[in-house]
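Protein chains: 2
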Amino acid sequence: MSDGPTITTIAERAGVSIASVSRVLNGLPTREDTVRRVLSAADELGYVPNSVARSLKSRRTNQVAFAMADIGNPVYLTMVREIQPVLKAAGYRLVLHSTDADVAEEIDVLRSLGERYVDGLIMIPLRIGEAHLKAVEAARAPVVIIGSVPDGTRVDNVRTDSRTGVRLALEHLRSLGRRRIGFVNGPLDTVPGSARSTAYAEGIRELGLPYDENLVEIGDFYRAEGAQAVSRLLSRAPDLDALMCANDLIALGALDVLRRAGRRVPEDVAVAGMDDIDLAAVAWPSLTSVSLGSAERGRLAAELLLDRLGNGDRDPKVVTVPPRLMVRASTVGEETP
Amino acid sequence: MSDGPTITTIAERAGVSIASVSRVLNGLPTREDTVRRVLSAADELGYVPNSVARSLKSRRTNQVAFAMADIGNPVYLTMVREIQPVLKAAGYRLVLHSTDADVAEEIDVLRSLGERYVDGLIMIPLRIGEAHLKAVEAARAPVVIIGSVPDGTRVDNVRTDSRTGVRLALEHLRSLGRRRIGFVNGPLDTVPGSARSTAYAEGIRELGLPYDENLVEIGDFYRAEGAQAVSRLLSRAPDLDALMCANDLIALGALDVLRRAGRRVPEDVAVAGMDDIDLAAVAWPSLTSVSLGSAERGRLAAELLLDRLGNGDRDPKVVTVPPRLMVRASTVGEETP
DNA sequence: CACCTTTCTGTAAACGTTTACTGCGATCGC
DNA sequence: GCGATCGCAGTAAACGTTTACAGAAAGGTG
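Here the protein sequences come in this chain order: U and H.
My numbering puts the first residue of the first sequence at 1, with every later residue one more than the last.
My numbering puts the first residue of the second sequence at 338, with every later residue one more than the last.
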């Protein structure tokens, strides 16, 4: 594991200057004979160019960072799976950051862009405050944010419209005759939490149903916490006939709780989730869910970043992915084959 | 987004040499007055050290790569989740590689270590051949392999003992009185596939049961493919009373198929999987599974690599994580609360 | 054959750090 | 009061590339 060969080693062996070696290796016009000598020397030595030195000179690292709260979350996972091949195809490596949804850590990731170890960053903050926005605009490398930022923020942005998404689900549940539609949300100080809370309240009214705060419960965006919240809700409002869950993990928790409580899904309680994670389709019963286009958002973010890396000066773009309702058994029952 | 300040900028503003700036920033003994001037200049300029330049000089990148087939696989995901914090705590960033289990890509990752963009690599190859072993031993940076490599290979290695794992499950099923134990495996040319195939054949014989090749079916290590394999198996051997699945994804596929076929789990067919992924505990019914310590293997691999990075010359270590049987409802039914 | 192009190669500087070495002024011991 | 010692800071080299520039060799033209 001794020190590998450098262009100097090659230059000596081939009897040429390091400039010639560099030119040959970069395919610049060189005399046939020199090319051959350099290439065979490089080959014999098993030369691999040092990317650090190259980066220092070229000011490009061919690395891109992706920062999310927790890679264990299926939504982020889907995004990583989509982002990775796009970047790879463009010659970039992927550096992963887990921030645990900690604001200080997120800010630190933005600050660390000054270290120039990546050419750009895709970030998906759960909460977006003043500090974020300032740090984003001061960032020393291009940033793409997944999740809605305030209009006018000078940053590339991929969004979805979870308000419309909530309404799609509510209308669907209502169209099935449900009137007592419970809502299980995550923390209200998060971007999706607050948006979905508003959307539920508005949506219920637009359907001509009374807003009943006994039908609303807050937990967290995880299966276990969701399940607990559903338990509380169920004991407070035993007459509910539908559940709108702010994400699919909560909805899966709801399925567990309902099953153990002996309620049939969807006959007694129809359940809808959000995010359309892979598990939604294979859960039992399969889960009706509002797709927020996680895969597409990931892909778009990667493309937006690549575009920006190719053209640093264009105006920031905002791309919105429309939500789509995926109707499955948890609201309409098993289709008869 | 202009070019950020460098130590030269700071040196000018503070009226000192770049050497002094560097010394101050690295906490080397310096006169009180100089320290103050440099620090305030750095502060005003919002200086962030360039990690590329630092890496070039120091020959360390503070990055580590993790290469696996597909981040979507829950087992690898668990490992990433475990590896990341360990590395982060030690000051390393994580670079992710998905190789799609493609041997050429894996070899390429090993070769790319010569680019020196990472200080080390954790790799989990599905198939391990001659080419791998040669590339591993020729690698220009420390490598830790998760998955059994042939004895004597000079590389740090974290293993599990899936043969013992399979036997644990078979003995458990036999102890429940099952005699027609089917086996659904993944491709035989993979390391786990071949190990588990041998283990099943041996295990069955040791239990005094006849080896019936009609009870064995090969698919792939995914839910959908597993489900198909289980369907085939079920039509070929309708009398089976237990299913040993080579991993949990296959087992989840088996649960789907059995449910749709109207077989009760575990009353009619007991099901056991391997890997003990998160989903196993929350599936319905919850899945008996052989834990191969994915989280622990990830953690150990990270620790092994860190140790090696601190001491490049020690002999390669082999660490084995023993399998543990997690008994759940898919074999013994719901425990009465 | 002298001159001008053209083609190729080598020298050297640059990217932003760290660090060995040198030199300077001050302090110490005698 | 003088040499030795010490603390500190500056100069310069190095890490491994890329690339502007200059120079040499070769070819073409009159």
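Using N, Cα and C, we set each Cβ at its ideal position, and we do this for glycine too.
- With a cutoff of 8 Å on beta-carbon distance, Asp-493 (chain H) and Pro-386 (chain H) are scored as not near each other.
- Within the segment 385-405 of chain H, Val-385, Pro-386, Asn-387, Ser-388, Val-389, Ala-390, Arg-391, Ser-392, Leu-393, Arg-396, Thr-398, Asn-399, Gln-400, Ala-402 and Phe-403 place their CB atoms closer than 9 Å to a CB of chain U, listed in sequence order.
- DSSP lists U:Val-184 as the beta-bridge partner residues of Glu-217 (chain U).
- Tyr-92 (chain U) and Val-16 (chain U) have their C-alpha atoms some 32 Å from each other.
- Rounded to the nearest angstrom, the gap between the Cα atoms of Val-655 (chain H) and Arg-496 (chain H) is 7 Å.
- Val-230 (chain U) and Gly-262 (chain U) do not touch by the CB rule: their CB atoms are close to 14 Å apart, not below 8 Å.
- Of all residues in the segment 84-100 of chain U, those with a C-beta nearer than 7 Å to a C-beta of chain H are Gln-84, Arg-93, Leu-94, Val-95, Leu-96 and Ser-98, reading in chain order.
- Val-271 (chain U) and Gly-182 (chain U) have their C-alpha atoms some 9 Å from each other.
- If you ignore the 5 residues before and after Leu-616 (chain H), its C-beta comes within less than 8 Å of the C-beta of Pro-411, Asp-585, Leu-589 and Leu-624, all in its own chain and listed in chain order.
- Nearest CB-CB separation between Gly-129 (chain U) and chain H: not below the 8 Å threshold.
- Leu-252, Gly-253, Leu-255, Asp-256 and Arg-259: these are the residues of the segment 250-266 of chain U whose beta carbon lies less than 9 Å from some beta carbon of chain H, given in chain order.
- Inclusion of Gly-457 (chain H) and Val-480 (chain H) in the CB contact set at 8 Å is warranted, their separation being smaller than that value.
- The beta-carbon of Ile-71 (chain U) is placed less than 8 Å from the nearest beta-carbon of chain H.
- Cα atoms of Arg-37 (chain U) and Leu-28 (chain U): separation of roughly 15 Å, rounded to the nearest angstrom.
- With fewer than 16 other Cβ atoms from the protein chains shown falling within 10 Å of its own Cβ, Arg-264 (chain U) counts as exposed.
- In the three-state reduction of the DSSP assignment, Asp-156 (chain U) falls in the strand class, which pools E and B.
- Contact of Val-606 (chain H) with chain U is not assigned, every C-beta pair being separated by 8 Å or more.
- With contacts defined by Cβ atoms closer than 8 Å, Arg-533 (chain H) and Ala-579 (chain H) do not form a contacting pair.
- Closest in alpha carbon position to Thr-164 (chain U), among U:Glu-206, U:Arg-140 and U:Ile-250, is U:Glu-206.
- Here Glu-452 (chain H) is buried, its C-beta having at least 16 other C-beta atoms within 10 Å.
- A distance below 6 Å between beta-carbons, with the five flanking residues on each side excluded, links Asp-239 (chain U) to the following residues of its chain, in chain order: Arg-180.
- Taking a cut-off of 8 Å for Cβ pairs, the segment 60-73 of chain U and the segment 94-113 of chain U touch, as three or more such pairs fall below it.
- Residues of chain U whose Cβ lies closer than 9 Å to the Cβ of Gly-341 (chain H) are, in chain order, Gly-114, Arg-116 and Arg-140.
- Fully enclosed alpha helix (DSSP H) runs of no fewer than 4 residues occupy 411-426, 440-449 and 467-475 of the segment 389-477 of chain H, in order along the chain.
- Contact check for Val-455 (chain H) against Thr-398 (chain H) passes: the beta carbons are separated by less than 8 Å.
- DSSP places Arg-661 (chain H) in the uninterrupted beta strand (DSSP E) bounded by 661-663.
- For Leu-592 (chain H) against Ala-620 (chain H), the beta-carbon gap comes to about 6 Å, under 8 Å, which counts as contact.
- Within chain H, the residues placing a beta-carbon under 9 Å from that of Leu-77 (chain U) are Ile-408, Gly-409 and Leu-414, ordered along the chain.
- The continuous alpha helix (DSSP H) containing Ser-197 (chain U) extends over residues 191-206.
- Among the bridge pairs identified by DSSP, Ala-607 (chain H) is matched with H:Ala-579.
- Per the C-alpha coordinates, the member of U:Ala-139, U:Glu-106, U:Ile-146 and U:His-132 positioned closest to Ile-124 (chain U) is U:Ile-146.
- Between the beta-carbon of Arg-418 (chain H) and that of Ile-83 (chain U) there is about 18 Å, and that puts the pair past the 8 Å contact cut.
- Taking CB atoms only, Arg-314 (chain U) has no neighbour in chain H less than 8 Å away.
- In this structure, the CA atom of Val-149 (chain U) is about 11 Å from the CA atom of Leu-126 (chain U).
- Given a length threshold of 4 residues, each whole run of the alpha helix (DSSP H) inside the segment 623-663 of chain H is given here in chain order: 631-647.
- Beta-bridge partners of Ile-145 (chain U) (DSSP): U:Met-123 and U:Asn-157.
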